[in-house]
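Undergrad: Numbering (the numbering used here), first residue to last: 19 to 307. Beta carbons: idealized from backbone N, C-alpha and C, even for Gly.
1) Would residue 244 be called buried (16 or more neighbouring beta carbons within 10 Å of its own) or exposed?
2) Which same chain residues end up closer than 6 Å to residue 275 when comparing Cβ atoms and leaving out the 5 residues on each side of it in sequence?
3) Measuring only the C-alpha atoms, how far is residue 86 from residue 201?
4) Ignore the nearest five residues each way along the sequence and tell me which others in residue 211's own chain have a CB closer than 6 Å to its CB.
5) Evaluate the contact criterion for the stretch 153-172 versus the stretch 110-124: three or more CB pairs, one atom per stretch, below 8 Å.
6) Which partner residues does residue 26 have in the DSSP bridge list?
7) Determine, using beta-carbon pairs with one atom in the stretch 67-85 and one in the stretch 185-203, whether at least three such pairs fall under 8 Å.
8) Between which two residues does the alpha helix (DSSP H) harbouring residue 130 extend?
9) Grouping DSSP H, G and I as helix and E and B as strand, with all else coil, what is residue 116?
10) Going by other Cβ atoms of all chains shown within 10 Å of its Cβ, with 16 needed for buried, is residue 288 buried or exposed?
11) Where DSSP assigns a beta bridge to residue 160, which residues make up the other side?
12) Does the beta-carbon distance from residue 32 to residue 61 come in below 9 Å?
13) Assuming residue 96 is part of the alpha helix (DSSP H), what are its boundary residues?
14) Whole angstroms are fine: how far does the CA of residue 75 sit from the CA of residue 184?
15) Under a three-way DSSP split, which group does residue 237 fall into?
16) How big is the Cα-Cα spacing for residue 35 and residue 272?
17) Would the stretch 118-129 and the stretch 86-95 be scored as touching if the rule is three or more Cβ pairs under 8 Å?
18) Exposed or buried, residue 278, counting other C-beta atoms within 10 Å across all chains shown (16 or more means buried)?
What follows is the structure, given as structure tokens:
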């Protein structure tokens, strides 16, 4: 048996304010058989010193220094080169896991024989306010065979299926895969589309085990123009449309839906921003820490 059942890939760039709490949430996991592959994307703010401090005290933390700043896709690819565990998970440097996340997801993967297990999530806003958006599915589900079409349908009509975070992935189905470094945004869903073509069983739990931090900055897509974002999402639509025949969704309706995805996502994000702004003001779906 390999020494680590789960390898956790964490891309980092100038995350001095958040990386310590991110790594503490991993260190506090009730499931201990993990290894963190932390890819420092040539940070200049002192992030490296914080990461090295964790690595010096716990050999499960592995520090990887990228030779130049190339974005989260390139940083993740650097870590993927070291993949040799049974399962893989992704964690962003400004986010945290609830303490039972790995334990629960690993138990589900083992119990269902799942290639991909996904959990619900919450948003943490500056100041400690919490938002609880809808997850990928309303209830716990297990999908196999033709049931996997529901995953692709959600990819075409929303964003909750599109992240590599929130997922525990059997490493065999992504071994040799890499993130598309030419995509400056939407590289997560591009990776997920290709990943799910190798999956036979998917398991979802509505438990909110992943906490996204919604600060002013982000690892992906920051500073991109509307045109650049649209171009990236159009490219992803082509990848999605090409994958549909493999799951029996090659009809005209689904192809049109795939190509309409960038505009659906634009509308979806606009609605989300409005809900967050005015919902938070009204106290709807919001809690203080």
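TA: Working from what's here:
1) exposed
2) 174
3) 17 Å
4) 257, 258, 261
5) no
6) 54, 107
7) no
8) 119-130
9) coil
10) exposed
11) 221
12) yes
13) 90-98
14) 27 Å
15) Because the pLDDT at residue 237 is just 48, under 50, the model does not fix this residue reliably, and the point stays unresolved.
16) 43 Å
17) no
18) exposed
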